[in-house]
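Trainee:
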Ligand code: B12
Ligand code: SF4
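Numbering (our numbering), first residue to last: 37 to 511.
1) In terms of residues, what are the limits of the alpha helix (DSSP H) holding residue 229?
2) In this structure, how does DSSP classify residue 118 when only helix, strand and coil are distinguished?
3) With contact counted as at least three CB pairs below 8 Å, one residue from each stretch, are the stretch 65-72 and the stretch 162-180 in contact?
4) What is the residue span of the alpha helix (DSSP H) that residue 275 lies within?
5) Skipping 5 residues on each side, what residues in its chain have a beta carbon closer than 7 Å to that of residue 340?
6) State the Cα-Cα distance for the pair residue 370 and residue 409, rounded to the nearest angstrom.
7) Tell me the residue span of the alpha helix (DSSP H) that contains residue 327.
8) Could you work out which residue in 87, 74 and 75 is closest to residue 57 when comparing CA atoms only?
9) In chain order, what residues have a CB nearer than 6 Å to some heavy atom of the ligand MN?
10) Under three-state DSSP, which class holds residue 141?
11) Using beta-carbon positions only, say whether residue 83 and residue 129 come within less than 8 Å of one another.
12) Return the chain-ordered ranges of every beta strand (DSSP E) run that is complete within the stretch 409-475 and spans a minimum of 3 residues.
13) Return the first residue and the last residue of the beta strand (DSSP E) that residue 342 is part of.
14) Round the Cβ separation of residue 187 and residue 158 to the nearest angstrom and send it over; I've been treating them as touching at under 8 Å.
15) Any heavy atom of the ligand B12 closer than 7 Å to the Cβ of residue 320?
16) State the beta-bridge partners of residue 191 as determined by DSSP.
17) For the 8 Å Cβ check, are there 3 or more pairs between the stretch 318-331 and the stretch 358-378?
18) Determine, using beta carbons only, whether residue 469 and residue 416 come nearer to each other than 8 Å.
19) Taking only heavy atoms of the ligand B12 into account, decide whether any of them is closer than 7 Å to the Cβ of residue 104.
20) Based on Cα-Cα distance, which residue from 336, 238, 251 and 296 lies nearest to residue 289?
21) Tell me whether residue 363, by its Cβ, gets closer than 7 Å to a heavy atom of the ligand B12.
22) Express the C-alpha separation of residue 77 and residue 40 in angstroms, rounding to a whole number.
23) Specify the secondary structure class of residue 321 as computed by DSSP and reduced to three states.
24) Are there three or more Cβ pairs, one per stretch, closer than 8 Å when the stretch 373-389 is compared with the stretch 338-353?
25) If distances are taken between C-alpha atoms only, which option among 453, 146 and 73 comes closest to residue 196?
26) Measure the CB-CB distance between residue 85 and residue 47 and report whether it falls below 8 Å.
27) Could you check whether residue 203 and residue 260 sit closer than 8 Å to each other, using their CB atoms as the reference points?
28) According to DSSP, which residues form a beta bridge with residue 384?
29) Give a single yes or no on whether residue 346 has its beta carbon closer than 7 Å to a heavy atom of the ligand B12.
30) Buried or exposed for residue 276, please, with buried defined as at least 16 other CB atoms from any protein chain shown within 10 angstroms of its CB.
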């Protein structure tokens, strides 16, 4: 019998730091497109509980009324419990519904997750496309589950991990994300603080993984320490498709690392030929050294719609950067921020506090550094031991993890103390960081009165009671 498949984006808490937004469920759209291509005849549906404003009860009713044979969901660490609850609800509706989860968190915790959540039938580890199609077909044909590479599951109360599946070599073979399955929600997706309430927000993917190995990051490990990219032509075509077919304007490139060195020039050449370059607002993230070493490309990418770039500056201390295995220098951060500003691109810097040797004084130095660096947007985060990171292994071994509630692994909650600061002091330091950057009277007034409407919106959001007050309440 043909399967009917339901991809579920469950009800979730949003990340209050970045204000009001509603993202398209990108991981599910990317997977669904491949399933649709490879499993003709299979009935595929996506329910996005955020966009449809469904709570848990609403989701249950939806599953009851649609009778899927397989329910699939995706999440990273902070979303662990919402994924488990989705599977639990599916099993409440019918024990016969097969539940499948995937994504970074479950890939790194298959034993723990299968033990903690009996409602999960299968975990797809690592890259999802080939594995999930293989699993769906095997379930349909009552084939051998033991032969499906890349999955973990329970059998007779034992947890089985089938061997890993090799990665896809040519990412151009993947279809465009299946936005047609959520077409009625497209008008609802937005990221107010970054692009305005009425600007259509879509996510696409140009590359997977990273060749660097930062100790707090899951991404290089999840993607086998490799950086694979689609061709520049394919990325430009995908951007054009999303813009012309669906009116996508604020386009977020999900790539872990943009790697201008490898494809910045080619992407410029490709986008230069597209009409949509004047309509799009392209966002991507890259390293400070990538910008510092390719300053010439930044102006060019601005010409073809690049509008906002996020960089992991992380810290001012060269020693801490070494501990994080970041491989960048503070001088790269200055060059990167200056280059972005000179080219009229929103300069977004990420900082991390809470390293083992952090003290009140070292965090104060980081605050001063970040103010001096003067990005347009500064986001401060707490060092979070995500499963799959080198930091997690160290922290677990040394007993540093004080909060094991994954819902708090959102980089805004302090999870660990440092050698000299308690967890609550780290939390307070985080609040001080935001207060120093956004709360200063002169800066705040300049921001709130800025000619740039988005800068105004952002400063109102950050400096207004909302973010600072919420962060204060976490102390
Ligand atoms: C876009 C994005 C967002 C968007 C929303 C994304 C969304 N659709 O919900 C926004 C900006 C809102 C966001 C918010 C946050 N994000 Co975010 N985000 C991303 C980003 C850049 C891209 C996500 C994406 O579409 N990836 C592309 C897909 C295809 O990759 P994938 O999810 O890994 O999926 C593949 C496999 O893992 C597998 N798979 C995945 N799910 C499933 C499910 C099934 C059933 C199967 C079979 C397979 C499978 O198959 C897929 C294809 O091969 C990622 C980084 C990244 N490159 O992934 C960070 C990332 C996921 N975010 C992260 C974090 C920490 C957050 C926040 C907590 C805080 C923050 N600092 O931003 C908040 C949390 C919000 C919330 N409560 O959910 C971290 C997660 C770390 C971790 N290990 O938990 C990441 C990895 C960034 C990073 N470098 O650290 N995020
Ligand atoms: S933090 Fe950035 S540079 Fe470091 S490994 Fe992760 S994706 Fe790569």
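The beta-carbon is built from N, C-alpha and C at its ideal position, and this holds for glycine as well.
Mentor: Straight from the coordinates:
1) It spans 228-231 - the alpha helix (DSSP H) in which residue 229 sits, taken as one unbroken run.
2) For residue 118, the secondary structure class from DSSP, reduced to helix, strand or coil, is helix.
3) Judged by Cβ distances under 8 Å, the stretch 65-72 makes contact with the stretch 162-180, as three or more pairs qualify.
4) Annotation for residue 275: the continuous alpha helix (DSSP H) segment containing it runs 268-282.
5) Counting only residues of its own chain and dropping the five nearest sequence neighbours on each side, residue 340 has a CB closer than 7 Å to the CB of 304, 307, 308 and 313.
6) Whole-angstrom Cα-Cα distance: 6 Å.
7) Where residue 327 is concerned, the enclosing alpha helix (DSSP H) starts and stops at 324-329.
8) Closest option to residue 57, Cα to Cα, is 87.
9) This structure lacks the ligand MN; the ligands present are the ligand B12 and the ligand SF4.
10) In the structure shown, residue 141 sits in a helix (DSSP, three-state: H, G or I).
11) Against a cut-off of 8 Å, the Cβ pair of residue 129 and residue 83 comes out as no contact.
12) Correct list: 413-418.
13) Run containing residue 342: 342-350, per the beta strand (DSSP E) assignment.
14) Right, their Cβ atoms sit about 5 Å apart.
15) No - the ligand B12 has no heavy atom lying nearer than 7 Å to the Cβ of residue 320.
16) Per DSSP, 194.
17) With the cut-off at 8 Å, the stretch 318-331 and the stretch 358-378 touch.
18) In contact: residue 469 and residue 416 (Cβ atoms closer than 8 Å).
19) Taken from the Cβ of residue 104, every heavy atom of the ligand B12 lies 7 Å or farther away.
20) When only C-alpha atoms are compared, the closest one is 238.
21) Residue 363 has its CB no nearer than 7 Å to any heavy atom of the ligand B12.
22) Roughly 9 Å separates the two Cα atoms.
23) Residue 321 falls in the strand class under three-state DSSP.
24) Judged by pairs of C-beta atoms under 8 Å, the stretch 373-389 touches the stretch 338-353, as three or more such pairs exist.
25) If we check each option's Cα against that of residue 196, 146 comes out closest.
26) Yes, the Cβ-Cβ distance between residue 85 and residue 47 is below 8 Å.
27) Yes, the pair counts as a contact, with Cβ atoms nearer than the cut-off.
28) Residue 384 is bridged by DSSP to 346 and 413.
29) For residue 346, the CB stays at least 7 Å from every heavy atom of the ligand B12.
30) Buried: at least 16 other Cβ atoms inside 10 Å.
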